[in-house]
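*Asks:*
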Amino acid sequence: MYYANHIPSRTVLAAIGSMTGAVKAQRALLAAGIAAEVVALAPEQTRRGCAYGVEFSAAVSADARATLRTARIAVSQYIEKDTPS
Numbered sequence: 020m021y022y023a024n025h026i027p028s029r030t031v032l033a034a035i036g037s038m039t040g041a042v043k044a045q046r047a048l049l050a051a052g053i054a055a056e057v058v059a060l061a062p063e064q065t066r067r068g069c070a071y072g073v074e075f076s077a078a079v080s081a082d083a084r085a086t087l088r089t090a091r092i093a094v095s096q097y098i099e100k101d102t103p104s
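Per the numbering used here, the very first residue in the sequence shown carries number 20; after that it's consecutive.
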């Protein structure tokens, strides 16, 4: 759910075990003004084989992590990645 005119060059995936948890995380981030998208993760992408996560711009990573901590959403892993051009 990135804005049409701005696709971040670097994103962060917060791995969360369930779809319900990922949607809860997305809602918390959106309430904090942080654009986030629920994504399905391949089991090999994470250490624990999490199936879902939320993706957001790396530029707001510190704020997003703080928001998820405040909302008491368990994140098993953060994965930074470059977005394709």
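The C-beta atom is built at its ideal place from N, Cα and C for all residues, glycine as well. All figures in this text were calculated on a predicted structure; none of them were measured in a lab.
1) Is A44 buried or exposed, if buried means 16 or more other CB atoms sit within 10 Å of its CB?
2) Round the Cβ separation of A33 and V73 to the nearest angstrom and send it over; I've been treating them as touching at under 8 Å.
3) Would you kindly report the start and end of the unbroken beta strand (DSSP E) that includes Q45?
4) Look up I29 in the DSSP assignment and say whether it is helix, strand or coil.
5) Going by the CB atoms, is the gap between F75 and I98 shorter than 8 Å?
6) List the DSSP bridge partners of D101.
7) In the DSSP assignment, the beta strand (DSSP E) including S76 goes from what residue to what residue?
8) My assumption, with CB atoms under 8 Å, is that D101 sits in contact with S37. Please give the rounded CB distance.
*Replies:* With the given structure in hand:
1) A buried status is given to A44, since no fewer than 16 other beta-carbon atoms sit within 10 Å of its beta-carbon.
2) The Cβ separation is near 5 Å, so the contact holds.
3) Unbroken run through Q45 is the alpha helix (DSSP H), 38-50; no beta strand (DSSP E).
4) It is Arg, not Ile, that sits at residue 29 in the sequence shown. DSSP, read as helix, strand or coil, puts R29 in strand.
5) Pairing I98 with F75 gives a Cβ-Cβ distance that is not under 8 Å.
6) Bridge partners of D101: R29.
7) The continuous beta strand (DSSP E) containing S76 extends over residues 71-76.
8) Contact flag wrong, Cβ pair sits at about 27 Å.
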